[in-house]
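Using the numbering used here, you'd call the opening residue of the sequence shown number 17 and step up by one each time. What follows is one structure encoded as structure tokens, with my remarks underneath.
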Amino acid sequence: MTLKAFRGAFLDFVDDPFYASEADSVRYLPDGLLILEDGNVKTLGAYESLRERCAGLSITAYPDRLIMPGFIDTHIHFPQTEMIAAYGAQLLEWLSKYTFPTEGKFKDKAYAQEIASFFLDELLKHGTTTALVFTTVYPQSVDAFFEEASRRHLRMIAGKVLMDRRAPDFLTDTPETAYTASKQLIEKWHKHDRLLYAITPRFAVTSSDEQLRLAGKLLAEFPDVYMHTHLSENVNEVRLVAELFPESKGYLDVYDRAGLVGDKSVFAHGVQLTDAEFQRLSEAHSAIAFCPTSNLFLGSGLFNLKKAKSVEAPVKVGLGTDVGGGTSFSMLQTASEAYKVTQLRGENLSAFQALFLATLGGARALSLENTLGNFEPGKEADFIVIDPKATPLMARRNPTAIAPSVAELADQAFATMMMGDDRAIHATYIMGELAYENKVYKQMGGA
Ligand code: GUN
Ligand code: ZN
């Protein structure tokens, strides 16, 4: 049994601040102590009340830092790492002009391995410890991703992309090969170490009825794997889906008819959803990955977060970067853009609500709330150390590194989320082990 202890200011969420009061949802310990046992949380409490429990134990202290659960990115594409920030196109043109040619390179396992390794290092550097990840149509790209994630002991969810039409020949499979290859990959990777599998039809445009039907059959055979796809992102896409599936009531119904709408289903975007579709997602306990930097960059539109988080028909929501449609790996930047999307809709998003979406909210969207997402006892100790004074400008905006109260923390956390990026991530821990440390800070003589 290995015990470890960390001292600093801790912020996590014990309930959803969209529905519960700040007092009931935000946990803030300006001087806290986190005790881990074999990489899992044993307890979190005030330093003064717990210090006696760690007599003889060396304590890693982070004065002037804010410690939070690791960020959870509920939608991202590892093969699009290198084509981030591709100019001048909306979704369908962007896919054929930039995305498909890039994804073709992942037929080469060694290349896929190199990018998977770089990608996972970027995630850790940005404080993201768990993600739901698109790979490509090639099974070897799934192997490459899971091998690299396994080496780093990460909790990651991914799956082979299914596409049997409206894509270049070199990127298409068939309904049958999609089914058999996915099944083999589930047997190989699902629940191997901390890894989990997601059946991943790209979107309704690139899958035939038959391919979606077989994906639904596979999901029924393995009900504890995930289903991950795109939904109602762009107006031209929605129009095309209506043409391709004239018998369906709407975009979500295409997936519903195939048995793909359930409590382990995660749909990226949902910018163009109808009221009836929000209602259906709520009933099915499905989740939406809200990807603001992507929705703005690709000109897709402004997601209706207020509708998703309604009292009448609540839908689980996580934040997604959607790299490379999204423009940053940083969940802080993603939260910042989410705030701006709500502003453009005449609404608001508090720092606590945004940081909830990036942590416990993401865990709930991925049905992982019993495993990670906050510092409850027994949970996996993936956490990050944030520097609210990471840049000279941030240091001026946040002159007091440790906010003395929740009210002051609300202001500091908001400024950190608006201005912060990977520079504000001082360290990232995986199961209580240091996995990334900001070397620039160290060179400057920090703790
Ligand atoms: N819809 C289908 N494929 C994609 C993709 O790769 N990125 C985004 N943003 N939307 C999609
Ligand atoms: Zn995407």
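Where a beta carbon is used, it is the ideal one built from N, C-alpha and C, also for glycine.
Checklist entry - Where does Glu396 sit, in a helix, a strand or coil, going by DSSP? => result strand
Checklist entry - Taking Cβ positions, are Ala258 and Phe283 nearer each other than 9 Å? => result no
Item to check | Nearest-angstrom beta carbon gap, Gly175 and His244 [assumed within contact, 8 Å] | outcome: 6 Å
Item to check | Opening and closing residue of the alpha helix (DSSP H) in which Ala292 lies | outcome: Asp291 to Ala300
Checklist entry - With a Cβ-Cβ cutoff of 9 Å, do Leu27 and Lys58 count as a contact? => result no
Item to check | Neighbour-count burial assignment, Lys458, 16 or more Cβ in a 10 Å radius | outcome: Caution is warranted here: a pLDDT of 45 is assigned to Lys458, below 50, making its placement in the model unreliable, and no coordinate value can be reported.
Next on the checklist: Helix, strand or coil for Met99? Go by DSSP, reduced to three states.
Outcome noted: helix
Checklist entry - Counting Cβ pairs, one atom from each stretch, are 3 or more of them under 8 Å apart for the segment 368-388 and the segment 427-442? => result yes
Item to check | Contact under 9 Å by Cβ, Leu140 with Arg168 | outcome: yes
Item to check | Check whether Gly86 and Gly143 have beta carbons under 9 Å apart | outcome: yes
Next on the checklist: Taking 8 Å as the cut-off, is the beta-carbon of Gly341 closer than that to any non-hydrogen atom of ligand 1?
Outcome noted: yes
Checklist entry - How many whole angstroms separate the CB atoms of Asp398 and Thr146, which I take to be in contact at a CB cut-off of 8 Å? => result 7 Å
Checklist entry - Since Pro85 sits in a beta bridge, which residues does DSSP pair it with? => result Phe399
Next on the checklist: Checking 9 Å against the spacing of the C-beta atoms, do Gly436 and His93 come in under that value?
Outcome noted: no
Next on the checklist: Suppose contacts are defined by Cβ-Cβ distances below 9 Å. Is Phe16 in contact with Leu49 by that definition?
Outcome noted: An answer regarding residue 16 cannot be provided, because it is not within the stretch 17 to 463 covered by the chain.
Checklist entry - Among Ala419, Ile400, Lys395 and Met179, which one has its Cα closest to the Cα of Glu53? => result Lys395
Checklist entry - Which first and last residues belong to the alpha helix (DSSP H) in which Asn364 is found? => result Where Asn364 is concerned, there is no enclosing alpha helix (DSSP H), given that its DSSP letter is neither H nor E.
Checklist entry - How would you write the range of the alpha helix (DSSP H) that Ser166 sits in, first residue to last? => result Pro155 to Arg167
Item to check | Stretch-stretch touch, CB-based, cutoff 8 Å, three pairs: the segment 121-130 with the segment 189-196 | outcome: no
Checklist entry - With distances taken between CB atoms, is the gap from Ala194 to Ser157 smaller than 9 Å? => result no
Checklist entry - Any contact of the segment 314-323 with the segment 265-275, i.e. 3+ C-beta pairs under 8 Å? => result no
Checklist entry - Are there 16 or more other CB atoms within 10 angstroms of the CB of Gly461, so buried, or fewer, so exposed? => result Annotation note: pLDDT 47 at Gly461 (below 50); position unreliable, coordinate value reported separately. So Gly461 ends up on the exposed side.
Next on the checklist: Distance check for Leu45 and Glu38, CA to CA, integer angstroms please.
Outcome noted: 14 Å
Next on the checklist: Can you tell me where the beta strand (DSSP E) holding Ala174 begins and where it ends?
Outcome noted: Arg171 to Gly175
Checklist entry - Which residues mark the beginning and the end of the beta strand (DSSP E) in which Ser281 is found? => result Ser281 to His285
Item to check | One or two residues paired with Met243 in a DSSP bridge | outcome: Ile215 and Ser281
Next on the checklist: Taking 9 Å as the threshold (C-beta atoms), are Lys204 and Asp159 in contact?
Outcome noted: yes
Checklist entry - How about Phe34: is its Cβ closer than 8 Å to a heavy atom in ligand 2? => result no
Checklist entry - In the DSSP assignment, what are the bridge partners of Val339? => result Gly342
Next on the checklist: The beta strand (DSSP E) that contains Arg43, what's its start and end?
Outcome noted: Val42 to Glu53
Next on the checklist: Among the candidates Ser74, Ala329, Leu450 and Asn252, whose CA atom is the shortest distance from the CA of Leu111?
Outcome noted: Asn252
Checklist entry - Do Leu425 and Leu107 have their C-beta atoms closer together than 9 Å? => result no
Checklist entry - DSSP beta-bridge partners for Arg23? => result Leu49 and Ala77
Checklist entry - Just to check, is the beta-carbon of Arg218 closer than 8 Å to a non-hydrogen atom of ligand 1? => result yes
Next on the checklist: Within 9 Å of any Cβ in chain B, is that where the Cβ of Gly61 sits?
Outcome noted: The structure shown contains no chain B, having only a single protein chain.
Checklist entry - Which same chain residues, not among the five before or five after Thr344, have their C-beta less than 6 Å away from its C-beta? => result In the sequence as displayed, the identity of residue 344 is Ser instead of Thr. Closer than 6 Å at the Cβ level, and outside the excluded window around Ser344, lie Thr309.
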